[in-house]
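First the structure, in the form of structure tokens, and then the observations on it.
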């Protein structure tokens, strides 16, 4: 990895890097200044990962890794809030047009501009721009101003979907889902959130949730205390702090999952050990049975060989002149040869099966 690449990781994680000439001064014995590590930004990760993740399928190796430490956050959330509030950010006046659009809205605006151009030529209803007037125009203006306010705190926002209802906010390394709609808005039967056909005077609400969670971390709406337009600076601060709350909750959940995974590893290793012992016992019993079967077969063959030899002797004893018959002699030699082939004592070894399974 080059020093430029490493520097990019450090800058992205708000880690101070050495000043220009630092290493030359250090080599020359001159005094150098080491910048202190600042407080972690809200929602940012405590760990900087460089490169990919290598999965180790060895359960024992996984279990041998150090036990994860419970996440500890020395800075209370109240102090995080004070730190965010105390930042020197330029207070932006509410923009009532989209001449300076937030970058997260550019795709939405480009699509709406194309619809407006087609509508101007053909006048077809389905080409009407969705965000040119009424509730949706006000909603887009509020979204744009909120995105610009979030950018003052280093947070990003991206808006997707035909109705601009897919809103993701990134605070540090933490993703939040933002819902902004009419108080009575509901998804259709397909689970989609359509545009709201209403006036700019209709009441609107903003809700913030952690990505993949159902709990609402922050909510603000048009009410007796005022319109959303006057609450966006405070909302941006609350959303940034919500990002830190979501990060801490996710870190605790990740810690609990890591502990549960270790318990699973222990149980799985124990199960595999017991399974290996069971299979070993089955193999032992199978080998024992195979040896017995072989022993029984050898004893049977030995008895049969003895019976054949006795039979040949009895035939010869009953007819002493039979030995003079060439045909009888040939039969006798063949019968004794079969007896020797059957007799395990004539083979010189008593094999034991290596793997009867």
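Numbering (the working numbering), first residue to last: 3 to 359.
Even for Gly, the Cβ is constructed at its ideal location relative to N, Cα and C.
The criterion of a C-beta distance shorter than 9 Å is not satisfied by residue 194 and residue 209. Secondary structure note for residue 96: it is in no beta strand (DSSP E), with a DSSP letter that is neither H nor E.
Counting only the Cα atoms, residue 207 lies some 7 Å from residue 224. Residue 247 sits buried, since 16 or more C-beta atoms from the chains shown fall within 10 Å of its C-beta. When C-beta atoms of the region 242-257 are compared with those of the region 79-94, three or more pairs fall below 8 Å, so the two segments count as touching. By the Cβ neighbour-count rule, residue 189 is exposed, with fewer than 16 other Cβ atoms within 10 Å of its own. Runs of the beta strand (DSSP E) lying entirely within the region 37-100, each at least 3 residues long, are absent.
By the 16-neighbour rule on beta-carbons within 10 angstroms, residue 104 is buried. Less than 9 Å divides the Cβ of residue 24 from the Cβ of residue 34.
With fewer than 16 other CB atoms across the displayed protein chains lying within 10 angstroms of its CB, residue 313 is exposed. Taking C-alpha positions only, residue 266 is separated from residue 156 by approximately 39 Å. Going by DSSP, residue 302 is part of the alpha helix (DSSP H) stretching over 234-320.
Pairing residue 184 with residue 167, the inter-Cα distance amounts to about 12 Å. One alpha carbon belongs to residue 65, the other to residue 26, and they sit about 44 Å apart. By the criterion of a C-beta distance shorter than 8 Å, residue 187 is surrounded in its chain by 195, 198, once the five residues flanking it on both sides are discounted.
Looking at the DSSP output, residue 180 shares a beta bridge with 169, 210.
Taking C-beta atoms as the reference points, residue 249 and residue 70 fail to come closer than 9 Å. Around the beta carbon of residue 149, 16 or more other beta carbons lie within 10 angstroms, which makes this residue buried. Here the C-alpha atom of residue 277 lies approximately 10 Å from the C-alpha atom of residue 284. Around the beta carbon of residue 114, 16 or more other beta carbons lie within 10 angstroms, which makes this residue buried. Judged by DSSP in its simplified three-state form, residue 160 adopts strand. For residue 41, the closest C-alpha among the options 55, 75, 56 is that of 75. Straight-line measurement puts the Cα of residue 328 at about 29 Å from the Cα of residue 346. The C-beta distance from residue 204 to residue 137 rounds to 5 Å, short enough to fall under 8 Å. The beta carbon of residue 180 sits closer than 6 Å to those of 169, 171, 210, all from its chain and outside the five residues before and after it, given in chain order.
Beta-carbon to beta-carbon, residue 117 and residue 129 are separated by about 5 Å, close enough to satisfy the 8 Å threshold. In this structure, residue 262 lies away from residue 73, with their beta-carbon atoms at least 9 Å apart.
C-alpha of residue 152 to C-alpha of residue 135: approximately 25 Å in a straight line. Residue 101 and residue 107 have their C-alpha atoms roughly 12 Å apart.
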